[in-house]
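Engineer: Going by our numbering, the sequence shown opens with residue 6, and the numbers climb by one from there.
Even glycine gets a Cβ: it sits at the ideal position worked out from N, Cα and C.
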Amino acid sequence: MGAAYGDFPFHMNLITSFVYGCNKHRKNLLDILSPFYAHENLAYPFIPNFYSAVLISCYDATIHDSAAIPSIIYIFSIFIILSNITFRLSKSEAACCVAPYLFIFTGGLGFTQYFYREIRKEWNIDFVHYWGKGREEFWFQTIVHILLPQRASLFSIPLAWGAISILMSTLNNQNYSQFIAVALIVGILPQVHPHSIIALMEWGSCFGLIQLIRVKKSKVCKLVGCYFVLGIIAISVGVPQFLPYFKRVESNNFMKLMPIGQEIGQASQLKLWWYALGAFFVLSVVHVPISLDSEKLSYYIPSLFVFLLSNYLVYQPWALDNTKVFNAAYIPLACAGIAYYMVSLFRYKNFGKIISIVLFIFCIASGLISVILCFQYSHKLWPGRGLEEYTVARFIIKNTPYDSIWISDSDHRNPVVCLAGRQVFLGYRGWLASHNLPDQERMAIISHLERNPENTYAIDRLNVSYVIVRKEFDEVTFKPQPNSAKWKQIYKTAYTTIYQRTK
């Protein structure tokens with residue numbers, strides 16, 4: 006359900022590549038290969054998955070436990086920091102109780118589709134991003150799409166929110182230790198989640214300007230010095246970690262000026278957000294700002310700045326990845342501000358209480374339905390024959406070189422890369438698209454090999470040494486002759502056949 010089905014196998018690719026496969030014996034910290042696209046360095050933050058690999062390698066944890074244990078710790082930290090941000094903004098303990106629910110159950114008007122029986126019968130709808138009948142809107146539900154599968158987002162959110170909380174504490178009183186702490190947080194983010202760095206740069210720049218306007222003239226030099234120290238330390242620690250990204254960014258169309266709604270065919274940004282976040286959006290951009298005093302606005306305006314800027318600046322080829330920036334710097338203050346507004350409204354006799362409750366229900370309805378459906382229709386990665394994939398993976402781990410390159414089908418659950426951590430020549434197309442990796446030339450090479458298994462010139466140049474054919478996928482139809490001079494069958498079951506290139 007949601008991104009968990011598609012994205013967690015991606016993280017399993019990276020985890021198992023560190024434990025069993027192509028990244029097991031890398032030469033240095035950042036010399037990391039892409040498991041799903043052979044001969045390409047990875048341009049993706051690896052730290053969260055590396056932690057899981059350590060738990061498997063050193064403590065014999067299962068893949069599930071290696072992902073769940075760190076995730077639980079980070080999830081708890083998210084809600085602790087959200088409460089801290091909410092209290093800094095509102096000085097209200099009641100608002101601190103409301104804000105987590107707004108964050109957990111973010112969603113828009115998708116709940117209105119729940120009343121249609123034919124839509125309720127559809128599979129893989131969540132009423133936040135997928136509304137049924139092929140309709141998609143511009144948001145990802147927190148639990149279904151962020152906390153469970155998006156491990157980079159999960160690890161980075163408490164770091165980004167922690168940095169924001171520290172900066173909020175410097176509004177009226179600054180000391181260098183606070184800015185050094187923020188600098189160190191920013192410095193470790195490149196290999197955790199680059200989108201959070203973008204969000205913090207935008208939020209921090211706006212907040213710094215507000216501080217310059219508010220600060221006494223006698224303290225301007227100190228404030229500038231604090232931000233200078235922050236920048237120097239963050240750049241010194243963080244820039245070397247960006248090296249794997251530079252080539253990919255230079256060679257592809259990353260970061261472009263374009264309304265985010267253009268990608269999904271929504272001409273109106275207002276309509277986009279009305280459908281995506283509904284009452285939450287209206288409250289966050291209209292009602293909350295007019296209800297805050299000048300000090301609270303100093304905290305809140307930078308989040309609106311991030312929201313506005315990221316509506317027209319697309320950071321990756323897929324515009325929906327901008328939700329990562331929104332979650333890093335817009336959502337925490339929006340949740341805090343809306344919670345404060347609702348608590349304040351609740352104090353106005355019966356009418357205020359009713360309006361507050363109704364608004365709260367409208368804000369969480371879609372997200373709540375989405376989470377309920379997620380647990381009702383949870384889906385196994387390998388339905389029915391999970392044992393087969395694990396058996397294949399164990400054979401590959403024990404009997405093939407850790408750095409071998411494979412031709413396989415592009416299913417995102419493929420045991421070659423997902424469980425055994427080997428490099429595949431051409432992996433899941435969705436990941437290739439989001440990483441802007443070309444596939445046409447490699448598809449042609451595979452097609453040529455299928456037609457003539459004895460002509461191995463192209464794959465020999467690329468060090469491809471194994472081909473796996475799985476019965477349930479007709480994408481790879483490779484079948485050399487039994488007396489082939491170049492191929493040997495080394496594994497055979499009713500569902501899976503593996504061929505090895507002979508020398």
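Please go through the same chain and pick out, in chain order, the residues whose beta-carbon is closer than 7 Å to the beta-carbon of GLN183, but skip the five residues on each side of it.
Structural biologist: Cβ within range, chain order: ILE171, SER174 and THR175.
Engineer: Once DSSP output is grouped into helix, strand and coil, what is the label at VAL376?
Structural biologist: Three-state result, VAL376: helix.
Engineer: Between PRO50 and VAL422, is the Cβ-Cβ spacing less than 8 Å?
Structural biologist: No, the Cβ-Cβ distance between PRO50 and VAL422 is not below 8 Å.
Engineer: May I ask which residues mark the beginning and end of the beta strand (DSSP E) holding ARG506?
Structural biologist: Its beta strand (DSSP E) spans residues 501-506.
Engineer: In terms of residues, what are the limits of the beta strand (DSSP E) holding LYS329?
Structural biologist: No beta strand (DSSP E) contains LYS329, which is instead part of the alpha helix (DSSP H) from 327-330.
Engineer: In this structure, does DSSP put SER489 in helix, strand or coil?
Structural biologist: Note: SER489 maps to coil in three-state DSSP.
Engineer: Does CYS340 pass the burial test, meaning 16 or more other C-beta atoms within 10 Å, or should it be called exposed?
Structural biologist: Per the 10 Å Cβ criterion, buried.
Engineer: Exposed or buried, what is ARG418 when buried is set at 16 or more other beta-carbons lying within 10 Å of its beta-carbon?
Structural biologist: Buried, by the Cβ-count rule.
Engineer: In the structure shown, what three-state DSSP assignment does ILE410 receive?
Structural biologist: In this structure, ILE410 counts as strand in the three-state DSSP scheme.
Engineer: Between GLU45 and LEU424, is the Cβ-Cβ spacing less than 8 Å?
Structural biologist: No, Cβ-Cβ distance for GLU45 and LEU424 is not below 8 Å.
Engineer: Here's the rule I'm using: 16 or more other beta-carbon atoms within 10 Å means buried, otherwise exposed. How should HIS280 be labelled?
Structural biologist: For the sequence presented, residue 280 should be read as Tyr rather than His. Looking at its Cβ environment, which holds 16 or more other Cβ atoms inside 10 Å, TYR280 is buried.
Engineer: Enumerate in chain order the residues of its own chain whose CB-to-CB distance from TRP485 is below 6 Å, with the five nearest sequence positions on each side excluded.
Structural biologist: One point to set straight first is that residue 485 is Pro, not Trp, in the sequence displayed. Once the five neighbours on either side are set aside, the close Cβ partners of PRO485 are PRO458 and TRP492.
Engineer: Can the beta-carbon of LEU94 be found closer than 8 Å to that of TYR345?
Structural biologist: Yes, the Cβ-Cβ distance between LEU94 and TYR345 is below 8 Å.
Engineer: What residue from LEU454, SER439, TRP436 and LEU431 has the CA that sits closest to GLN445's CA?
Structural biologist: The shortest C-alpha separation from GLN445 is found at LEU431.
Engineer: With respect to the alpha helix (DSSP H) encompassing TRP144, which residues constitute its N-terminal and C-terminal limits?
Structural biologist: Premise fails: TRP144 is in no alpha helix (DSSP H) and is neither H nor E.
Engineer: How far does the alpha helix (DSSP H) with ARG456 in it extend, from its first residue to its last?
Structural biologist: Element bounds for ARG456: 445-456.
Engineer: The alpha helix (DSSP H) that contains VAL197, what's its start and end?
Structural biologist: Looking at the DSSP string, VAL197 is not in any alpha helix (DSSP H), and its letter there is neither H nor E.
Engineer: Look up SER76 in the DSSP assignment and say whether it is helix, strand or coil.
Structural biologist: The answer is helix: DSSP assigns SER76 an H, G or I state.
Engineer: For LYS224, which three-state DSSP category applies?
Structural biologist: LYS224 falls in the helix class under three-state DSSP.
Engineer: Of the residues CYS63, PHE365 and THR502, which one's Cα is nearest the Cα of ASP414?
Structural biologist: The residue with the shortest Cα to Cα distance from ASP414 is THR502.
Engineer: Where do the N-terminal and C-terminal ends of the alpha helix (DSSP H) with GLY283 fall, by residue?
Structural biologist: That residue, GLY283, is in no alpha helix (DSSP H); it is neither H nor E in DSSP.
Engineer: Is it right to say GLN321 is buried, meaning 16 or more other beta carbons lie within 10 angstroms of its own, or is it exposed?
Structural biologist: Buried, because 16 or more other Cβ atoms sit within 10 Å of the Cβ of GLN321.
Engineer: Below 8 Å on the Cβ atoms is my contact criterion, and I expect PHE143 with GLY26 to pass it. Report the Cβ-Cβ distance as a whole number of Å.
Structural biologist: About 36 Å separates the two Cβ atoms, so there is no contact after all.
Engineer: Can you confirm whether the region 300-315 touches the region 187-198 when touching is taken to mean that 3 or more C-beta pairs between the two stretches lie within less than 8 Å?
Structural biologist: Result no; under three Cβ-Cβ pairs closer than 8 Å.
Engineer: Tell me, to the nearest whole angstrom, how far the beta carbon of SER158 is from that of ILE151; I am working on the premise that it is less than 8 Å.
Structural biologist: Their Cβ separation, rounded to whole angstroms, is 5 Å, which keeps SER158 and ILE151 in contact under 8 Å.
Engineer: Rounded to a whole number of angstroms, what is the C-alpha to C-alpha distance between ILE78 and PHE365?
Structural biologist: Rounded to the nearest angstrom, the two C-alpha atoms are 28 Å apart.
Engineer: In the DSSP assignment, find the unbroken alpha helix (DSSP H) run with TYR25 in it and report its ends.
Structural biologist: First-last for TYR25: undefined, no H or E at that position.
Engineer: Are PHE110 and ILE369 closer than 8 Å when you measure CB to CB?
Structural biologist: Yes, the Cβ-Cβ distance between PHE110 and ILE369 is below 8 Å.
Engineer: Hey, GLY213 and SER289: beta-carbon distance below 8 Å or not?
Structural biologist: Result no, Cβ atoms of GLY213 and SER289 do not sit closer than 8 Å.
Engineer: Along the chain, which unbroken stretches of the alpha helix (DSSP H) at least 4 residues long are found entirely within the region 292-344?
Structural biologist: 293-296, 299-314 and 327-330, all fully within the region 292-344.
Engineer: Name the residue from ASN316, ASN18, PHE286 and HIS292 whose alpha carbon lies nearest to the alpha carbon of GLN271.
Structural biologist: Considering only alpha carbons, the answer is ASN316.
Engineer: Please classify TRP208: is it buried, with 16 or more other beta-carbons within 10 angstroms of its beta-carbon, or exposed?
Structural biologist: It counts as buried.
Engineer: Closest to SER371 by CA distance: which of LEU313, GLN146 and LYS222 is it?
Structural biologist: Minimum Cα distance to SER371 is reached at GLN146.
Engineer: Bridge partners for LEU38 per DSSP, in chain order?
Structural biologist: Bridge partners of LEU38: ASN46.
Engineer: Round the Cβ separation of TRP323 and SER439 to the nearest angstrom and send it over; I've been treating them as touching at under 8 Å.
Structural biologist: Indeed they touch by this definition, with Cβ atoms about 5 Å apart.
Engineer: Could you tell me whether the Cβ atoms of ILE52 and VAL244 are closer together than 8 Å?
Structural biologist: No.
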